[in-house]
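Below is one structure, written out as structure tokens, with a few remarks after it.
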Ligand SMILES: Cc1cc2nc3c(=O)[nH]c(=O)nc-3n(C[C@H](O)[C@H](O)[C@H](O)COP(=O)(O)OP(=O)(O)OC[C@H]3O[C@@H](n4cnc5c(N)ncnc54)[C@H](O)[C@@H]3O)c2cc1C
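Numbering (UniProt numbering), first residue to last: 1 to 479.
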């Protein structure tokens, strides 16, 4: 069966890969000239890579790890020591570590918290552990119910004091969702914490050994095309064309550089676009349907990714770092963490600036200057004194609408992959799946979509194509 997929982010590519596995023929149509969506990367004129986002992979990403294994590229993940490392703003230039011992979960994570002497007092540790108990004991249902609270509200209700928030969770919230604990839904943090507590290597971090476009997306494309599928760049979906019964008749693709628009037809259609362009693209009759109206409850959150090349080594740390800076979220010295970006003499810091709503409209120069001012606190030895580190060059990548903004109450707006339209499906990390707005969530959503299509259109029986509108889909079906 031929399936047209709009969007070559990880969700669209994963969907196409798993459709190909099931014997279907996907055609992926990507609007930009680069693969990967939010993991897209580019090479500058010096041959240096810069990326949409600093991406960390976790042990608790079973679908991503399975995908890499199926593609035979799991060795491209460079696993780091099992630890979480935080800067200490009150002691500039020093770090605090949560070293996770190699013992079964959840004792490994508990031991890492108990052994950390810098960031939490015994009383705070005990209060936090007690506060977490309902999430551990009552499981995902309790976690989902907590979507009505912000994480800060949830912490207060559990009697956990504010210092825990400022010391640990501002950093964690910014890293996971690009917003602060007073804005983020409690469900998000509790979901992540549960995964980390339940899986021995869940919180272990890996970096890809090069750019996501070449080292992750290209092999997926090769896998799809070698088996008859197609992936087209510069092919923006302009309009979803409908049949009289409201099902999809075709995808109208905008012709670029004077070329004619083109209609692509298929047996089934998938939107693997992020939620913001999808909302704009919805055909009028669909806008009257509750399923699609709910998408109005979701929108992408702004975030900025910076790359700073320096004339010297600022650190030898080969890991992700939580900056605990008001301006920045996580960062890494990619000259240490990533094989293809390695440089023994010079640092290339990749940093995520979040929350970014007040910065997204500012100039690159202003953003870089504010970041350097923060680095003076993170690396005081290299920026004070007579011979401060010199910035050689920088790249700033702004994403005004990235993953959906995970504020309280959003879970109810996240759609299932199966829509009420018989031949139209959704994929994307914003759709309902248990791994939040992440690479794992994107890969899982694509897989779920492929499974749903394969169930509706078994390859051996192509005449099975339904053209009637389905009954409304529910989220519960897919989680
Ligand atoms: C700064 C940053 C850091 C991040 N860090 C992490 C991390 O450390 N770990 C982690 O797991 N996740 C991280 N993420 C999140 C992760 O990148 C995303 O959740 C995931 O890549 C989303 O994939 P997707 O396929 O759902 O959506 P997208 O990547 O948004 O893909 C949608 C695609 O649709 C295309 N499209 C849009 N309109 C059209 C159209 N009209 N026609 C055709 N195509 C169209 C877009 O160009 C895009 O390629 C980070 C994201 C950012 C921005």
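For every residue, glycine included, the Cβ atom is placed at its ideal position computed from N, Cα and C. Note that the structure is predicted; figures quoted are calculated from it, not measured.
Host beta strand (DSSP E) of residue 69 (start-end): Stepping through the chain shown from its first residue, residue 69 is reached at position 69. Run containing residue 69: none in the beta strand (DSSP E); it sits in the alpha helix (DSSP H), 62-70.
Residue 126 burial status per 10 Å Cβ neighbour count (16 or more: buried): Taking the chain shown and counting its residues from 1, the one referred to as residue 126 is at position 126. With fewer than 16 other Cβ atoms within 10 Å, it is exposed.
Coil, strand or helix - residue 158 by DSSP: Counting from one through the chain shown, the residue named residue 158 turns up at place 158. It is coil, neither helix nor strand.
Under the three-state DSSP convention, the category residue 244 falls into: Taking the chain shown and counting its residues from 1, the one referred to as residue 244 is at position 244. Residue state, collapsed to three classes: coil.
Rounded straight-line distance, which links the Cα of residue 91 to that of residue 476: On the chain shown, position 476 is the one that residue 476 refers to. On the chain shown, position 91 is the one that residue 91 refers to. Its pLDDT being 32, under 50, residue 476 is placed unreliably in this model, and the coordinates cannot settle the point.
Start-to-end residues for the beta strand (DSSP E) that takes in residue 78: Position 78 of the chain shown holds residue 78. From DSSP, the beta strand (DSSP E) with residue 78 extends over 77-79.
Between the CA atoms of residue 271 and residue 419 - distance to the nearest angstrom: Looking up residue 419 in the chain shown gives position 419. Looking up residue 271 in the chain shown gives position 271. So the two alpha carbons sit approximately 11 Å from each other.
Which of helix, strand or coil DSSP assigns to residue 169: As a first step, residue 169 is located in the chain shown; it is residue number 169 there, counting from the start. DSSP places residue 169 in helix when its eight states are reduced to three.
Unbroken alpha helix (DSSP H) run spanning residue 224, endpoints: Within the chain shown, numbered from 1, the residue matching residue 224 stands at position 224. Looking at the DSSP string, the run of the alpha helix (DSSP H) that includes residue 224 is 218-226.
DSSP bridge partner residues for residue 122 (one or two, in chain order): By one-based count along the chain shown, residue 122 stands at place 122. Beta-bridge pairing links residue 122 to no other residue.
Best match in 49, 360, 189 and 206 for proximity to residue 132 [C-alpha to C-alpha]: Counting from 1 along the chain shown, the entry for residue 132 is found at position 132. Of all alpha-carbon atoms in 49, 360, 189 and 206, the one lying nearest the alpha-carbon of residue 132 is that of 189.
CB of residue 399 within 8 Å of CB of residue 302, strictly: One-based indexing of the chain shown puts residue 399 at position 399. One-based indexing of the chain shown puts residue 302 at position 302. Cβ distance < 8 Å, so residue 399 and residue 302 count as in contact.
Distance, residue 111 Cα to residue 103 Cα: Within the chain shown, numbered from 1, the residue matching residue 103 stands at position 103. Within the chain shown, numbered from 1, the residue matching residue 111 stands at position 111. Taking the Cα positions, residue 103 is about 9 Å away from residue 111.
Check whether residue 235 and residue 29 have beta carbons under 8 Å apart: As a position in the chain shown, residue 235 is number 235, starting the count at 1. As a position in the chain shown, residue 29 is number 29, starting the count at 1. One thing to note: residue 235 has its Cβ within 8 Å of the Cβ of residue 29.
Neighbour-count burial assignment, residue 436, 16 or more Cβ in a 10 Å radius: Position 436 of the chain shown holds residue 436. For residue 436, the number of other beta carbons within 10 angstroms of its own is at least 16, and it is reported as buried.
N-terminal and C-terminal residue of the beta strand (DSSP E) that residue 232 is part of: Here residue 232 refers to the residue found at position 232 of the chain shown. Where residue 232 is concerned, the enclosing beta strand (DSSP E) stretches over 230-232.
Contact belief for residue 39 with residue 212 at Cβ below 8 Å, rounded distance in angstroms: Here the question's residue 39 lines up with position 39 in the chain shown. Here the question's residue 212 lines up with position 212 in the chain shown. Yes, residue 39 and residue 212 are in contact; Cβ-Cβ is about 4 Å, under 8 Å.
Inter-stretch contact (C-beta, 8 Å, three-pair minimum) for the segment 360-380 and the segment 249-262: Contact between the segment 360-380 and the segment 249-262 is absent, because fewer than three Cβ pairs lie under 8 Å.
With 16 other Cβ atoms within 10 Å as the buried cut-off, status of residue 107: In the chain shown, the residue the question calls residue 107 occupies position 107. Label assigned to residue 107: exposed.
Distance between residue 87 and residue 119 (C-alpha atoms, nearest Å): By 1-based counting over the chain shown, the position of residue 119 is 119. By 1-based counting over the chain shown, the position of residue 87 is 87. Each residue's Cα considered, the two are about 10 Å apart.
Residue burial classification, residue 462 (beta-carbon count within 10 angstroms, cutoff 16): As a first step, residue 462 must be located in the chain shown, where it is residue number 462. Low confidence applies here, because residue 462 scores a pLDDT of 40, under 50, leaving its location unreliable; read the following figure in that light. Exposed is the label assigned to residue 462, since fewer than 16 other Cβ atoms lie within 10 Å of its Cβ.
Coarse secondary structure for residue 310, derived from DSSP in three states: One-based indexing of the chain shown puts residue 310 at position 310. Residue 310 carries a strand assignment under DSSP once its states are collapsed to helix, strand and coil.
Contact between the segment 3-22 and the segment 230-247 (3+ Cβ pairs under 8 Å): Cβ pair count under 8 Å is three or more, so yes.
Heavy atom of ligand 1 within 7 Å of residue 263 beta-carbon: Here residue 263 refers to the residue found at position 263 when the chain shown is read from its first residue. No, ligand 1 has no heavy atom inside 7 Å of this Cβ.
Same chain, Cβ closer than 6 Å to residue 243, neighbours up to 5 away in sequence not counted: In the chain shown, residue 243 corresponds to position 243, counting from 1. Result list for residue 243: 249, in chain order.
Collapsed DSSP secondary structure at residue 178 in the structure displayed: Along the chain shown, read from residue 1 onward, the residue named residue 178 stands at position 178. Secondary structure of residue 178 (DSSP, three-state): coil.
Residue 201, DSSP secondary structure in three states: Looking up residue 201 in the chain shown gives position 201. Looking at residue 201 - three-state DSSP - the assignment turns out to be coil, as it is neither helix nor strand.
Collapsed DSSP secondary structure at residue 390 in the structure displayed: On the chain shown, position 390 is the one that residue 390 refers to. The three-state reading of DSSP puts residue 390 in coil, since its state is none of H, G, I, E or B.
Length of the line joining the Cα atoms of residue 46 and residue 342: Position 46 of the chain shown, counted from the first residue, corresponds to residue 46. Position 342 of the chain shown, counted from the first residue, corresponds to residue 342. Here the alpha carbons of residue 342 and residue 46 stand approximately 15 Å from one another.
Where the beta strand (DSSP E) through residue 504 begins and ends: Residue 504 falls outside the range modelled here, since the chain spans only 1 to 479, and no answer is possible.
Pair within 8 Å by beta-carbon distance, residue 181 and residue 165: On the chain shown, position 181 is the one that residue 181 refers to. On the chain shown, position 165 is the one that residue 165 refers to. Yes; because the gap between Cβ atoms is below 8 Å, this pair is in contact.
Straight-line gap, residue 134 to residue 98 (C-alpha atoms, nearest Å): Stepping through the chain shown from its first residue, residue 134 is reached at position 134. Stepping through the chain shown from its first residue, residue 98 is reached at position 98. As the crow flies, the alpha-carbon of residue 134 is around 23 Å from that of residue 98.
Rounded distance between the beta-carbons of residue 306 and residue 396, thought under 8 Å: For the purposes of this step, residue 396 is taken as the residue at position 396 of the chain shown. For the purposes of this step, residue 306 is taken as the residue at position 306 of the chain shown. Yes, they are in contact, since the Cβ atoms of residue 396 and residue 306 sit about 5 Å apart, within 8 Å.
Residue 346 (DSSP reduced to helix, strand or coil): For the purposes of this step, residue 346 is taken as residue 346 along the chain shown, with counting starting at 1. In this structure, residue 346 counts as coil in the three-state DSSP scheme.
Beta carbon proximity, residue 427 to chain D, threshold 8 Å: Protein chains in the displayed structure number just one, and chain D is not present.
Any 3 or more C-beta pairs closer than 8 Å across the segment 137-150 and the segment 198-205: By the Cβ test, the segment 137-150 is not in contact with the segment 198-205, since fewer than three Cβ pairs between them sit closer than 8 Å.
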